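In what follows, a structure is listed as structure tokens, so that the remarks can point back to it.
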Amino acid sequence: MKNRRDFIKTSALAAGTLALYGIGSKVAIASETNEDNLFKLPDLEYGFEALEPYIDTLTMEIHYTKHHQGYVNNLNKAVVAEKLQGVSLNDLLGKVSKHSVAIRNNAGGHYNHSFFWRLMRPGGAKSPKGELAEAIIRELSGTDNLQKAFSDAAKTDLVPVGLG
Ligand SMILES: [Fe+2]
């Protein structure tokens, strides 16, 4: 994976697949805060190079140190400005329509990146298993069709059949 578009496609595939089948609700994102009740980057459980050759080291480093850190910084600025210190990330997102664009966008970016770091891991599953695998086979006749549907959608900006 060499660029932002591939990263987004992979993230969308993983998150979309999990969300589609209701699996995401089983992956809790507990966002940590510092002593000032402000959000902080989660520790990575693996190095930036750990997902090579699927995601290259530089891509991982940029998404962690620049993108994710940027979302956290901007979320904290908005939290302070709107006096929301101490409100959990899940509570912010649970009432997302009541919050400013800055809270919505940056809380979403923080959550999505945190979710991504948890989903990916070196030596992890090479293919879906259990309930997710059964749902993919039932709905799309297998992971090859799922990957093709997402790849086609990424190229055309269309929502894959059965995934809209
Ligand atoms: Fe990113």
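Per the numbering used here, the very first residue in the sequence shown carries number 47; after that it's consecutive.
We put the beta carbon where it would ideally sit given N, CA and C, even for glycine.
Nothing here was measured: the structure is a model prediction, and the numbers come from that model.
Next item on the list: Throw me the rounded Cβ distance for the Y117 and N152 pair, which I believe falls under 8 Å.
Entry: Right, the Cβ-Cβ distance comes to about 5 Å (below 8 Å), so this counts as a contact.
Next item on the list: Please list, in chain order, all residues of the same chain as S71 whose beta carbon is under 7 Å from its beta carbon, the five residues on each side excluded.
Entry: Here the model assigns S71 a pLDDT of 45, short of 50, so the residue's position is not dependable, and the following value carries that caveat. Cβ neighbours of S71 beyond the five flanking positions: none.
Notebook entry, point to check: Cβ of T109 within 6 Å of any heavy atom in ligand 1?
Noted result: Per the sequence shown, the amino acid found at residue 109 is His instead of Thr. The answer is yes for H109.
Notebook entry, point to check: Should N80 be labelled buried (16 or more other beta-carbon atoms within 10 Å of its own) or exposed?
Noted result: N80 should be labelled exposed.
Next item on the list: Pull up the distance between the alpha-carbon of V142 and that of E95, whole angstroms please.
Entry: Near 34 Å, if we compare the C-alpha coordinates of E95 and V142.
Note to self: Tell me the DSSP secondary structure of G162 in three-state form.
What the structure shows: Just to set this straight, residue 162 is Phe in the shown sequence, not Gly. Per DSSP, reduced to three states, the secondary structure at F162 is helical.
Notebook entry, point to check: Is the beta carbon of I183 sitting closer than 7 Å to the one on P174?
Noted result: Contact annotation: I183 and P174 have beta-carbon atoms that are not nearer than 7 Å.
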